[in-house]
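Asks: Going from the sequence shown to the numbering used here is simple: count from 1 and add 478.
Take a look at this one; I'll ask things after.
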Amino acid sequence: MNILSIFRYTPENTIKTIAKIIAKLVNTQKTSGMLWKTRINLSICYPHLSDEELEILAKKSVINQCMNYAESLKCWAMPTDWNIKQIKKVSGLDILKDALADPTGALIITPHLGNWEIMNPWVRQYGTPTIMYKPIKNKTIENFVLSSRERLNTTMVPTDASGVKALFKNLKQGGFSVILPDHVPDPSGGIVAPFFGVNTLTSTLAPKLTQKTKCRVISMICVRSKNEDGYDIYIEDAGLQYPELYDQDINTSTTAMNKVVEGLINQFPEHYMWGYKRFRGSEETEELYKN
């Protein structure tokens, strides 16, 4: 049995308490990498905030990031029914059902906002998504995560050319795929496009799939409810809101994809994973994360 299976028997409130204690330690250490990167990213995206407002938002974000990591471990350890019960409210379910019924296929865009791992079992009720997966370096965690996802019968494909072909084939057959569009790609897999007003290396995978298949594009996020008794899911018709996603010019469609992500983040900025170096990888932003 994987040692991380202990999270199955650890009370959820205990996990949350531990996560908050860790977050408090992170927020009180001047050399904290997570808080430092969070501050930098927030200052880039929200330059209008005062120093006090930025610090409050940064520390809220650190708390949510720590809780997401801890709750993901709980999610992976627990059975599917338990995870589904954590979803307390769903906004836009008709949009999801309509997209999944579309013969052109459906592409679900879900950035690093809230907790995808909690949402994954819930989405699985409506079909078998194809999801790209990059192996985790830590083998203990890797085996733990794979065991969890195998229980869901989710189709996992590698983050390489074969994985891209699998996503394309799935969409052409009317299936649905899930992509996290806001990671920093290899230069060969992206272009520089505006993101919060900064020219940022951005993945072109989702825009290219949209261009080639004309599939439905919807966004989904899963954020912790205000009273912390579970999670709420928000679904929007991204293709309807941003028709430029279907533009054959890759710069136009990729910029539109970034606008989708920006719009979602602006709704719940304290729930975004700001501790990630999103702005690295281009000449304009390579100096941002240097002390």
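Backbone N, C-alpha and C define an ideal beta-carbon position, used for all residues, glycine too.
The structure displayed is predicted, hence computed values, not measured ones.
Taking only three categories from DSSP, how would you classify N631?
Replies: In this structure, N631 counts as coil in the three-state DSSP scheme.
Asks: So what does DSSP say about T637, is it helix, strand or coil?
Replies: Note: T637 maps to coil in three-state DSSP.
Asks: What's the gap between the Cα of S569 and the Cα of T618?
Replies: About 36 Å.
Asks: C700 by DSSP, collapsed to three states: which one?
Replies: Three-state result, C700: strand.
Asks: Would DSSP call E748 helix, strand or coil?
Replies: In the structure shown, E748 sits in a helix (DSSP, three-state: H, G or I).
Asks: Going residue by residue through the stretch 645-679, where are the continuous alpha helix (DSSP H) segments of at least 4 residues, counting only ones entirely within it?
Replies: Here no run is fully enclosed.
Asks: How would you call R517, buried or exposed, if buried means at least 16 neighbouring beta carbons within 10 angstroms?
Replies: It is buried - the Cβ of R517 has at least 16 other Cβ atoms within 10 Å.
Asks: With contact counted as at least three CB pairs below 8 Å, one residue from each stretch, are the stretch 599-608 and the stretch 625-632 in contact?
Replies: Counting Cβ pairs under 8 Å, three or more are found: they touch.
Asks: Who are the near neighbours of I669 in its chain, counting only those whose CB is closer than 7 Å to its CB and skipping five residues on each side?
Replies: Correct list, in chain order: T680, T682, I728, N729, T732.
Asks: Taking the beta carbon of T688 as the centre, do at least 16 other beta carbons fall within 10 Å, making it buried, or is it exposed?
Replies: When all chains shown are included, T688 counts as buried.
Asks: Mind the definition here: the stretch 510-529 touches the stretch 485-495 only if three or more C-beta pairs lie below 8 Å; say whether that holds.
Replies: The stretch 510-529 is not in contact with the stretch 485-495.
Asks: Based on DSSP bridge pairs, tell me the residues matched to G741.
Replies: Note: G741 sits in no beta bridge, so no partner.
Asks: Once you ignore the five residues that flank A548 on each side, which residues in its own chain have a CB closer than 6 Å to its CB?
Replies: I493, A497.
Asks: Based on the DSSP output, what are the partners of R758 in its beta bridges?
Replies: None; R758 has no bridge partner.
Asks: What do you reckon, are the CB atoms on R702 and H661 nearer than 8 Å?
Replies: No. Outside cutoff.
Asks: Can you find the residues in the same chain that come closer than 6 Å, C-beta to C-beta, to Y611, ignoring five residues on each side of it along the sequence?
Replies: Here the set comprises M634.
Asks: Determine the DSSP secondary structure at A497, reduced to helix, strand or coil.
Replies: Helix.
Asks: As a quick exercise: from F622, V695, D572, T678, pick the residue whose alpha carbon is nearest that of A555.
Replies: Comparing Cα-Cα distances from A555 to each of F622, V695, D572, T678, the minimum goes to F622.
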